[in-house]
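Okay, so here's the structure we're looking at.
2 protein chains.
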Amino acid sequence: MDFSSFLTSLATSFIIFVVLMILFALLASRPGNNVIYYPNRILKGLEPLEGGVKSRNPFTWIKEALTSSEKEVVAMSGVDTAVYFVFLGTVLGILVFSGMILLPVLLPVAVTDDGGNQTTSKGTFSELDKLSMANIRQKSNRLWAFFICCYWVSIVSFILLWRAYKHVAWLRGEALKAPDVKPEQFAVVVRDIPAVPEGQTRKEQVDSYFKTIYPDTFYRSMIATDHKKADKIWEELEGYKKKLARAEAVFEKSKTTAKPEGTRPTNRTGLLGLCGSKVDSIEYYNEKINETITKLEAEQKVTLRDKQQNAAIIFFSNRVTAASAAQSLHAQMVDHWSVFAAPEPRQLLWPNLKIKYFEREVRQYVVYFVVTLTILFYMIPIAFISAFTTLQNLVKLLPFIKPIVRLRALRTVLEAYLPQIALIVFLALLPKLLLILSKMEGIPTESHAIRAASGKYFYFTVLNVFIGVTLGGTLFGTLKTIENSPNKLVSLLAASLPGNATFFLTYVALKFFVGYGLELSRLVPLILFHLKKKYLCKTDAEVKEAWAPGDLGYGTRVPGDMLIVTIVFCYSVIAPLIVPFGALYFGLGWLILRNQALKVYVPSYESNGRMWPHIHNRILASLILYQVTMLGYFGVQKFYYAPFLIPLPLLSILFGFVCAKKFYPAFERPTLEVAANGLKDAPNMDLIFRAFIPPSLSSEKIDDENFEDARSNV
Amino acid sequence: MDFSSFLTSLATSFIIFVVLMILFALLASRPGNNVIYYPNRILKGLEPLEGGVKSRNPFTWIKEALTSSEKEVVAMSGVDTAVYFVFLGTVLGILVFSGMILLPVLLPVAVTDDGGNQTTSKGTFSELDKLSMANIRQKSNRLWAFFICCYWVSIVSFILLWRAYKHVAWLRGEALKAPDVKPEQFAVVVRDIPAVPEGQTRKEQVDSYFKTIYPDTFYRSMIATDHKKADKIWEELEGYKKKLARAEAVFEKSKTTAKPEGTRPTNRTGLLGLCGSKVDSIEYYNEKINETITKLEAEQKVTLRDKQQNAAIIFFSNRVTAASAAQSLHAQMVDHWSVFAAPEPRQLLWPNLKIKYFEREVRQYVVYFVVTLTILFYMIPIAFISAFTTLQNLVKLLPFIKPIVRLRALRTVLEAYLPQIALIVFLALLPKLLLILSKMEGIPTESHAIRAASGKYFYFTVLNVFIGVTLGGTLFGTLKTIENSPNKLVSLLAASLPGNATFFLTYVALKFFVGYGLELSRLVPLILFHLKKKYLCKTDAEVKEAWAPGDLGYGTRVPGDMLIVTIVFCYSVIAPLIVPFGALYFGLGWLILRNQALKVYVPSYESNGRMWPHIHNRILASLILYQVTMLGYFGVQKFYYAPFLIPLPLLSILFGFVCAKKFYPAFERPTLEVAANGLKDAPNMDLIFRAFIPPSLSSEKIDDENFEDARSNV
């Protein structure tokens with residue numbers, strides 16, 4: 001890619017961004033769109049906008065985002081979101097502080113050398129390379145400047161990461177200390193309950209076990225059940241209820257318009273409502289609802305009595321006891337009565353609770369193996385894509401497209417976008433698969449599964465996108481290096497980095513201009529909402545469902561950002577020009593997502609910042625990759641003092657080790673100091689207990705006394 | 001070493017053993033020696049012997065040892081000792097079951113082959129080699145028998161180790177469940193207490209912290225103090241008290257014999273009682289005692305008030321709370337308020353309590369580094385010793401000793417014993433050093449420090465003695481192999497094993513015949529006791545001190561046994577003749593130590609079997625070393641199916657992993673299930689509290705109220 005196509009790409013991206021921003025300013029000021037641009041505020045019962053809508057400056061949101069405090073973010077969107085901003089802010093800080101030294105020092109040093117023109121051979125040399133380390137002659141003393149900058153980037157990272165970890169630990173502590181009664185702080189989940197002894201029920205077994213250990217603070221227990229079937233019936237019931245509401249709404253509407261008595265809506269009972277006999281909808285659904293309720297009640301009875309599993313939720317009347325129980329070893333054999341702190345009720349993955357201790361271990365390793373295979377096999381098509389989508393290579397391989405490529409305009413656009421778009425589409429396919437795999441490990445909570453999937457996705461993107469694209473391009477260019485590649489991976493990677501600098505520069509720019517532009521303008525949800533509202537929705541509930549904003553999407557957002565972190569770290573010293581692009585990515589991201597967090601997204605769970613240790617470790621992993629790559633690159637440049645970079649990765653490992661020792665345990669286990677803080681009011685234990693009853697099993701009609709099989713009495 | 005010198009060695013060892021046994025039978029039947037042969041029973045207030053002494057058959061002790069139950073061992077000598085017998089019994093079981101297949105199968109297979117005489121070149125070939133794998137021709141199908149036996153030994157080990165771990169876990173559980181009140185079950189030790197806030201005392205800080213978390217069960221706290229100086233004064237005081245008692249006894253004695261008024265003993269006040277003015281001893285010591293008591297009381301005040309440290313012992317009125325507190329995370333930052341379960345008061349290493357979290361970590365790694373260096377540097381002299389002490393090598397290097405060696409009798413004895421004795425003496429120097437190093441890690445309890453030292457000693461013996469001797473001999477024999485040794489260590493080790501089989505056979509025999517003979521006959525303590533009693537002891541307390549039996553000496557005994565385990569494992573298939581020797585070692589050891597445990601040794605602490613996971617892991621490590629060596633040896637024998645042995649070490653690692661997951665946590669942390677068992681009677685909290693006061697700070701005179709600075713009130 002030459003310089004002009006790089007500029008074209010940048011300019012196009014910027015134009016798209018500006019258009020999206022204008023669209024946002026226009027659309028967001030229309031009150032009819034409030035549910036799309038301010039759903040979080042609306043759901044929280046606040047006015048969509050603080051000032052009046054009319055008097056609003058189209059740039060007010062920027063001011064609002066910039067002046068919002070972390071406390072507001074926590075209040076509006078939870079600790080997890082606040083932690084995400086700590087992540088964005090920390091990386092931004094690292095890039096700004098690094099750039100303050102890297103740009104004024106390295107750019108002049110690079111541009112004034114005459115360079116070995118080392119990268120021309122790969123056909124990717126451009127004006128940009130003059131500003132990079134590739135322009136420095138081998139063994140030159142100028143390399144010292146780059147060498148020192150390697151240390152500078154690392155030290156800035158260490159300092160800011162330490163501060164961030166400390167801050168997040170404090171945030172988590174504050175959130176857990178809060179005097180509000182949270183049901184999950186009074187419960188622990190126990191798994192691997194041994195077989196029920198002769199002459200006892202599961203409930204009696206669990207109750208007597210915990211009553212012995214906690215005579216004063218044990219409240220009651222809830223045995224986990226296999227309620228898949230009840231869930232299904234319950235969903236069916238909810239479906240009928242919605243359809244009934246819809247039919248009633250249609251009937252109401254028909255009344256007011258043509259004839260006062262209205263037309264009663266009808267439907268067919270057969271497949272998809274297309275065949276079968278025609279019936280009166282309202283009557284039909286009422287009948288169906290009654291039928292299903294009876295079915296559900298019967299299934300609830302069966303579930304609670306006969307589908308009990310070897311897991312239970314234990315409730316304590318006291319936060320400290322629950323916190324302490326969650327981290328204590330209860331049984332002599334670890335594969336019996338293993339406990340963990342209860343998550344929020346909505347996060348519990350019931351079907352995973354029954355999986356036994358060693359089965360979980362085995363599943364975990366099987367999943368790791370499958371994920372490793374996935375990562376390795378995805379590598380092949382990605383390498384092909386990255387190689388094919390370089391126009392030079394395409395022309396080489398398919399000579400008949402040469403005439404097309406000769407059209408200058410088309411060629412420029414193709415060069416600028418083809419590889420990046422291919423890459424982005426390709427990556428969108430994976431996260432779901434990884435989440436399913438993570439759940440198959442037997443992880444018992446939603447947030448943990450998302451963290452696990454997110455971690456896998458990170459390794460995937462770094463290995464495949466970053467290393468794959470880098471090496472893929474080089475391997476195609478210099479096929480002869482394949483033979484000795486396995487044991488020279490680092491130096492090969494290092495050698496091929498400069499050739500791909502512009503590719504990644506464009507990638508970053510595309511991602512932040514177009515990605516964040518789409519994010520802020522919410523064009524897709526807006527169009528979908530208006531379509532749904534016009535053609536599909538009949539009841540208020542349906543309209544509300546149509547604009548439901550969803551959550552921030554941690555699971556895929558963080559690995560995406562982490563890929564940018566990795567790219568920017570690795571190129572920071574080689575091609576310092578990437579640093580402002582990275583800073584722009586995280587700065588713009590911070591600003592736009594701040595707006596989205598405050599006004600749009602509604603978190604679907606709260607893990608009180610447990611994501612941070614994962615993020616921290618992955619930033620460190622990127623840093624280490626960068627340090628090792630630099631070590632290799634200085635070797636390629638024949639800089640004799642390159643071994644003096646060896647302390648850097650060691651220092652990073654030590655830093656990670658100290659952080660893990662100091663901060664991590666408080667993320668893994670509830671601390672007693674925090675749990676011992678006073679509560680606003682005495683906990684209502686019955687409410688706490690009820691919070692954990694799955695919706696398909698809770699019913700106002702059902703009297704507790706009849707269903708105490710799976711729940712113990714006080 | 002040829003066959004005759006091996007037989008000589010064996011015979012001499014056996015004769016020494018028989019002599020020692022006869023001595024034991026004679027000496028143990030004399031009532032005057034009861035304090036040497038039955039001190040444990042005497043200290044427990046039992047009759048030295050159950051039957052009368054006269055009617056005693058000299059072999060009754062064997063019957064008594066064989067019929068004693070594990071329960072009796074626990075009652076007489078504690079769980080740790082019982083666990084040691086589980087270790088001996090398990091290894092014995094492994095060897096007996098292995099031998100039942102190995103001997104009848106492998107010996108005929110080996111002896112009927114004509115052999116490659118592979119080891120003659122090393123000058124150590126003997127008739128014994130005909131019974132070993134060295135007698136099998138390379139690539140022979142007979143190797144299949146040896147191959148299958150490798151699997152047999154491993155599988156027997158897995159089964160018996162699993163059963164043993166389960167049994168020890170049960171033993172530990174039973175001991176911890178016991179309804180007796182043990183002070184350590186009501187306390188936790190907290191370290192890394194942050195700096196005292198303005199306007200609070202350390203005591204107030206600790207009390208308010210724990211009162212908030214445990215409002216109902218917190219009893220009181222005891223701040224750790226730096227009482228080194230008080231200890232010194234207290235020891236001085238105890239010394240004076242002993243001297244006074246001694247002077248009074250001398251005076252008493254002088255009264256009854258010559259003149260009725262007696263001679264008042266005198267001493268000199270100067271250096272070692274040799275110079276200075278002469279004074280009346282009784283008066284002088286009385287005066288000194290009063291002086292020292294005043295000094296001690298002043299020092300106690302200063303210690304309790306001004307020498308408080310950042311650690312404390314926290315007492316709870318409840319076993320479950322203490323157990324749960326010991327394993328819960330209290331503070332958000334792990335390097336503050338870190339807790340661990342209190343050990344027995346006598347095990348606490350007070351000076352290590354104050355060491356801070358990260359300092360402990362750093363110390364640990366520094367000590368590991370120093371130990372690694374020690375292991376590597378000890379290797380050099382040991383290699384020299386093993387090479388020099390082979391007579392052939394001595395003659396080669398020092399030709400002038402040839403005439404001496406020509407004396408057949410001398411030569412045989414020298415050949416038989418020189419290397420083994422050198423080795424044993426050399427190894428006796430190290431354990432103390434390792435214990436000091438382990439304590440420098442900051443380990444807070446005696447038993448833990450001993451475990452740590454013992455673990456280091458194991459790696460030392462295996463690396464230096466086993467590998468060192470084996471390779472050392474070979475390296476001297478075939479100096480040319482040094483060049484390619486680093487990356488061929490396994491096959492070099494495997495190749496040199498057969499040449500050293502007889503050396504280790506002799507070593508094992510010497511160790512069990514002479515070692516256990518000395519152990520049972522207790523000749524050294526007996527002689528020392530009689531000498532002391534006759535010439536030194538004046539008071540009853542002094543006599544009692546002279547026969548104090550000490551403990552079993554876990555710290556050095558286990559690594560010694562483990563070395564035998566390693567040797568026998570590694571040679572079991574190569575030279576199956578070593579298996580009965582190993583079985584004899586562990587059988588005899590079991591029998592003789594059973595007697596010693598029941599009648600002689602008094603345990604100096606009780607860790608409820610926490611040694612077992614260490615022993616288990618080290619047996620596994622030996623097993624893996626054996627499996628890897630066999631893999632190498634089959635390679636040396638050019639057996640094409642050798643790679644089929646690769647699953648064995650992997651299986652061992654998996655086995656160790658599963659055991660660690662399943663059993664280990666209950667050894668590391670107190671389980672609540674166990675702590676929740678009922679107590680015989682309500683705990684006397686004041687007694688529990690007082691049990692932890694160091695002797696130098698406890699005083700009947702001192703009123704609690706005056707010294708509550710370091711101890712909080714109820």
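Those protein sequence lines, which keep their order, are chains R and V.
Just so it is clear: in the first sequence, position 223 is 223 by full-length UniProt numbering, and no numbers are missing.
Just so it is clear: in the second sequence, position 417 is 417 by full-length UniProt numbering, and no numbers are missing.
Glycine included, C-beta positions come from ideal geometry on N, C-alpha and C.
Only a predicted model underlies this, so the values are computations on that prediction, with no experimental measurement involved.
When the cut-off is 9 Å and only beta carbons count, does residue i lie next to chain V?
| i | result |
| --- | --- |
| Val320 (chain R) | yes |
| Met100 (chain R) | no |
| Val190 (chain R) | no |
| Gln332 (chain R) | yes |
| Tyr240 (chain R) | no |
| Phe358 (chain R) | yes |
| Trp170 (chain R) | yes |
| Ala187 (chain R) | no |
Reducing DSSP to helix, strand and coil, say where residue i ends up.
| i | result |
| --- | --- |
| Ser281 (chain R) | helix |
| Ile467 (chain V) | helix |
| Phe316 (chain V) | strand |
| Leu23 (chain V) | helix |
| Tyr338 (chain V) | The question names Tyr, but residue 338 (chain V) in the sequence shown is Ser. In this structure, Ser338 (chain V) counts as strand in the three-state DSSP scheme. |
| Leu598 (chain R) | helix |
| Ala224 (chain V) | strand |
| Leu349 (chain V) | coil |
Counting only Cβ pairs nearer than 8 Å, list the residues of chain V close to residue i.
| i | result |
| --- | --- |
| Met440 (chain R) | Simply none; closest approach about 20 Å. |
| Leu651 (chain R) | Correct list: empty, because the minimum Cβ distance to chain V is about 15 Å. |
In chain R, what lies closer than 9 Å to residue i by C-beta?
| i | result |
| --- | --- |
| Gln327 (chain V) | Ser324, Gln327, Ser328 and Leu329 |
| Asp335 (chain V) | Lys661 and Lys662 |
| Arg669 (chain V) | Ser328 and Leu329 |
Just to make sure I have the definition right: I need the residues of chain V whose C-beta is within less than 7 Å of the C-beta of residue i. Which are they?
| i | result |
| --- | --- |
| Thr212 (chain R) | Ala676 |
In chain V, which residues lie with their C-beta within 9 Å of the C-beta of residue i?
| i | result |
| --- | --- |
| Gly173 (chain R) | Gln332 |
Is it buried or exposed, residue i, if we count other Cβ atoms within 10 angstroms and call 16 or more buried?
| i | result |
| --- | --- |
| Trp170 (chain R) | exposed |
| Ile564 (chain R) | buried |
| Pro525 (chain V) | buried |
| Leu376 (chain V) | exposed |
| Thr263 (chain V) | exposed |
| Thr112 (chain V) | exposed |
| Glu673 (chain R) | buried |
Is the shortest distance between the beta-carbon of residue i and the beta-carbons of chain R less than 9 Å?
| i | result |
| --- | --- |
| Ala666 (chain V) | yes |
| Glu446 (chain V) | no |
Relative to the ligand FAD, is the shortest distance from any of its heavy atoms to the C-beta of residue i smaller than 8 Å?
| i | result |
| --- | --- |
| Phe512 (chain R) | Only the bare structure without any ligand can be found here, which leaves the ligand FAD out of the picture. |
Output, in chain order, the set of chain R residues within a Cβ distance shorter than 8 Å of residue i.
| i | result |
| --- | --- |
| Glu361 (chain V) | Lys661 |
Legend entry - Validate contact between the stretch 604-612 of chain R and the stretch 91-100 of chain R using beta carbons, cut 8 Å, 3 pairs: Output reads no: the stretch 91-100 of chain R does not touch the stretch 604-612 of chain R.
Inset, instruction - Take every Cβ of the stretch 170-181 of chain V, pair it with every Cβ of the stretch 676-696 of chain V, and state whether three or more of those distances are shorter than 8 Å. - result: Taking 8 Å as the limit for Cβ pairs, the verdict is that the stretch 676-696 of chain V does touch the stretch 170-181 of chain V.
Inset, instruction - Inspect the CB distances between the stretch 287-307 of chain R and the stretch 212-232 of chain R and report whether three or more fall short of 8 Å. - result: Segments in contact, yes.
Inset, instruction - Could you say if the stretch 427-447 of chain R and the stretch 342-351 of chain R meet the contact criterion of at least three C-beta pairs nearer than 8 Å? - result: With the cut-off at 8 Å, the stretch 427-447 of chain R and the stretch 342-351 of chain R touch.
Legend entry - Contact between the stretch 542-559 of chain R and the stretch 79-87 of chain R (3+ Cβ pairs under 8 Å): The stretch 542-559 of chain R is in contact with the stretch 79-87 of chain R.
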